[in-house]
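Some notes on the structure that comes next.
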Amino acid sequence: MSSFQQHLVVFFAIFAASGPVRAQNSDADETKEEDNVKIPPLVLDVSRRSLKNFLKDEVALTVHRKSDGSVADLEDAFMIGSIEGRYAVFWDPFSCRLAGVLDIKAPQEKDEKPIFPPTREKEDESPSPYILLAEGASPLTGSLGTFGEANYFGFKMVDGLPEFLYTHGSIKVAERLWLEENGNVLKQRFSIQEPANSILITIPESWKERASTKVGTWDNQSLSVPVEDAGGVVITYRLNDEEEMEEDN
Numbered sequence: 047m048s049s050f051q052q053h054l055v056v057f058f059a060i061f062a063a064s065g066p067v068r069a070q071n072s073d074a075d076e077t078k079e080e081d082n083v084k085i086p087p088l089v090l091d092v093s094r095r096s097l098k099n100f101l102k103d104e105v106a107l108t109v110h111r112k113s114d115g116s117v118a119d120l121e122d123a124f125m126i127g128s129i130e131g132r133y134a135v136f137w138d139p140f141s142c143r144l145a146g147v148l149d150i151k152a153p154q155e156k157d158e159k160p161i162f163p164p165t166r167e168k169e170d171e172s173p174s175p176y177i178l179l180a181e182g183a184s185p186l187t188g189s190l191g192t193f194g195e196a197n198y199f200g201f202k203m204v205d206g207l208p209e210f211l212y213t214h215g216s217i218k219v220a221e222r223l224w225l226e227e228n229g230n231v232l233k234q235r236f237s238i239q240e241p242a243n244s245i246l247i248t249i250p251e252s253w254k255e256r257a258s259t260k261v262g263t264w265d266n267q268s269l270s271v272p273v274e275d276a277g278g279v280v281i282t283y284r285l286n287d288e289e290e291m292e293e294d295n
């Protein structure tokens, strides 16, 4: 386990002692009722951190590239996690996107020297502890009305869940993130304010096998959502694999 991962474990332990708010959400509850599955709400911690940029994809790094060619750090990134789970979720306000999901308990080589946090160069040499890593252009880039870069303008907690507000071209977006099933499932809700057209959400190809939705149509890793559903579409990501699920059971 790297020192960055160890730091997160300690962070969540301290958070547990402070008595965080238990997250409950009406949209999530509606989904659970449709599934006829009772999933207890998860205790979430939401904080902001500045950390070394861990992205590897050149397109995703474009907005972070400085004039001298170097890559800027992730400043004031939002970190979402739970003492009940093993994953930490990072959302970047500069690029307005889910940047990555870190497996805090990912195994490391015994002779590996701990680093804080894991860097792109080190990840090239060993298995990445990141379950999800942002790649390519922003998720909504293919939607009608988007142009230029997304622009962050706010953040709020909705029934204990973080919601990020930003514009991308002419569309206004509210993106909500939360964890379920002991932190092994990540849910990402896109809500277009007063949608006038259908939207297209594109996720990295490596994420597709973990992703599922109840609305829209998939074409490879792009999800086409009709205008009537653009006000609230949820993408569910299974973070742990089948072997880990069997061990948990």
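My numbering numbers the first residue of the sequence shown as 47 and each following residue consecutively. All C-beta atoms in this analysis are idealised placements derived from N, C-alpha and C, irrespective of residue type, glycine included.
Listed in chain order, the non-local C-beta contacts of Leu144 below 6 Å within the same chain comprise Trp137, local neighbours out to five positions each way being set aside. When secondary structure is reduced to three states using DSSP, Leu179 falls in the strand class. For Glu209, the enclosing beta strand (DSSP E) stretches over residues 207–214. Here Phe199 is exposed, its C-beta having fewer than 16 other C-beta atoms within 10 Å.
In its chain, beyond the 5 residues on either side, Trp224, Val280, Thr282 have a beta carbon closer than 6 Å to the beta carbon of Lys233.
Around the beta carbon of Ala276, a 10 Å sphere encloses 16 or more other beta carbons of the protein chains shown; the residue is thus reported as buried. Comparing alpha-carbon positions, the option among Ser116, Ala123, Asp119, Val231 lying closest to Glu130 turns out to be Val231. DSSP, reduced to helix, strand and coil, places Arg95 within a strand of the structure shown. In this structure, Ser184 sits away from Leu246, with a CB-CB distance that is not shorter than 8 Å. Leu269 and Thr263 have their C-alpha atoms spaced approximately 5 Å apart. For the set Ser174, Cys142, Ser141, Pro139, the Cα lying nearest the Cα of Lys151 is the one of Ser174. In this structure, Trp253 keeps its C-beta atom at 8 Å or more from the C-beta atom of Leu148.
In the DSSP assignment, Gln234 forms a beta bridge with Leu223, Ile281. Lys260 is bridged by DSSP to nothing; it lacks a bridge partner. Thr248 has Ser268 as its beta-bridge partners, per DSSP. Per DSSP, the unbroken beta strand (DSSP E) holding Glu121 starts and ends at 120–127.
For Lys254, the secondary structure class from DSSP, reduced to helix, strand or coil, is helix. Taking a 10 Å sphere around the C-beta of Arg235, we find 16 or more other C-beta atoms and assign the residue as buried.
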